[in-house]
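In the numbering used here, the protein residues as written are 27 to 285. We put the CB at the ideal spot given by N, CA and C, even for glycine.
Below, the structure is given as structure tokens:
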């Protein structure tokens, strides 16, 4: 009767993970319903788009790229950042200059880390959360994490079912019936995954459903802008892989390897 123990374990794993996923999906739906009534027309800034797409690190990347393209910051392929113009034009740029320090030169990796953790980025995040465009800390990745757990549960049920069928010893129960019993929790897990994909896809770590819609509108509207703005929008939405200049991209890639 070992198969019964395996079946109980399969049901426990499936029930717990599916319940967590359902609760996360309900919270996400409640957030979207609130946004439908509270979120007003909002034109995303580049910094806001960067945060909603990639979080604090993306904001730091965008700031570095923007300053470098304006020749106010030199990013060398060796992984060093050098200040050319020490006058920051906004809070983000002042955070970068402050992270580089009074000597005017620093490795890119610590500059990026310090900028990501700066008060300016935290204030930006708070404003986006209050506007209903960004997910609060507790809600980030909740649905996506729930989906991953249910996928693992489905694999676990399959493995437990296979183990039950391979367990030696007379049980008096046909193997077909054993397989059918294990098919029930597996069907529950797969059904939850299907519903989550319909109701809550795509999953985002940073942007709420309203934020994702604004990001999509910004990306689609970028074609009607100038080259410089279109390039910065691409960096904000897609990250450093969208950087067009080979030397600048090499400097940022060097940062990734060393940092």
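For this session: In the DSSP assignment, find the unbroken beta strand (DSSP E) run with residue 132 in it and report its ends.
Result: 131-133
Exercise. So, using beta-carbon positions, are residue 184 and residue 212 closer together than 8 Å?
Worked result: yes
Exercise. What residue does the alpha helix (DSSP H) around residue 184 start on, and which one ends it?
Worked result: 168-192
Exercise. What does DSSP give as the partner residues of residue 108 in its beta bridges?
Worked result: 100, 131
For this session: Within the region 203-277, note down every full alpha helix (DSSP H) run reaching 4 residues or more, in order along the chain.
Result: 235-247, 253-264
Exercise. So the alpha helix (DSSP H) residue 90 belongs to, where does it begin and stop?
Worked result: 72-95
Exercise. Exposed or buried, what is residue 247 when buried is set at 16 or more other beta-carbons lying within 10 Å of its beta-carbon?
Worked result: exposed
For this session: In angstroms with no decimal places, state the Cα-to-Cα distance between residue 82 and residue 141.
Result: 8 Å
Exercise. Would you say residue 270 and residue 80 are within 8 Å of each other, going by their C-beta atoms?
Worked result: no
Exercise. Under 8 Å, do residue 101 and residue 210 count as touching if we go by C-beta distance?
Worked result: no
Exercise. On the premise that residue 179 lies in contact with residue 85, defined as a C-beta separation below 8 Å, what is that separation, rounded to the nearest angstrom?
Worked result: About 35 Å separates the two Cβ atoms, so there is no contact after all.
For this session: Check whether the Cβ atoms of residue 160 and residue 233 sit closer than 8 Å, and answer yes or no.
Result: yes
For this session: For residue 259, count neighbouring Cβ atoms within 10 angstroms of its own Cβ and tell me buried if that reaches 16, exposed if not.
Result: buried
Exercise. Leaving out five residues before and five after residue 151 in sequence, what residues of the same chain have Cβ atoms less than 8 Å from its Cβ?
Worked result: 77, 82, 160
Problem set entry | Boundaries (first-last residue) of the alpha helix (DSSP H) holding residue 147 | 145-156
Problem set entry | Reference residue 42; option with closest CA among 173, 254, 237 | 173
Problem set entry | Span of the alpha helix (DSSP H), counted from its first residue to its last, around residue 124 | 117-126
Exercise. Buried or exposed: where does residue 25 fall if 16 or more other Cβ atoms within 10 Å of its Cβ makes it buried?
Worked result: A query on residue 25 cannot be resolved here, the shown segment of the chain reaching from 27 to 285 and no further.
For this session: Using alpha carbons as the reference points, say which of 47, 34, 74, 37 lies closest to residue 240.
Result: 74
For this session: Figure out for me which residue from 132, 214, 93 has the closest Cα to the Cα of residue 113.
Result: 93
Exercise. CB residue 127 to CB residue 108, shorter than 8 Å?
Worked result: no
Problem set entry | 8 Å Cβ shell around residue 120 - same chain, five flanking residues per side excluded | 114, 146
Exercise. Can you tell me the Cα-Cα spacing of residue 186 and residue 68, whole angstroms?
Worked result: 50 Å
For this session: Label residue 242 either buried or exposed according to how many other C-beta atoms from any shown protein chain fall within 10 Å of its C-beta, with 16 as the threshold for buried.
Result: exposed
For this session: Provide the residue(s) that pair with residue 41 in DSSP beta bridges, ordered along the chain.
Result: In DSSP, residue 41 forms no bridge with anything.
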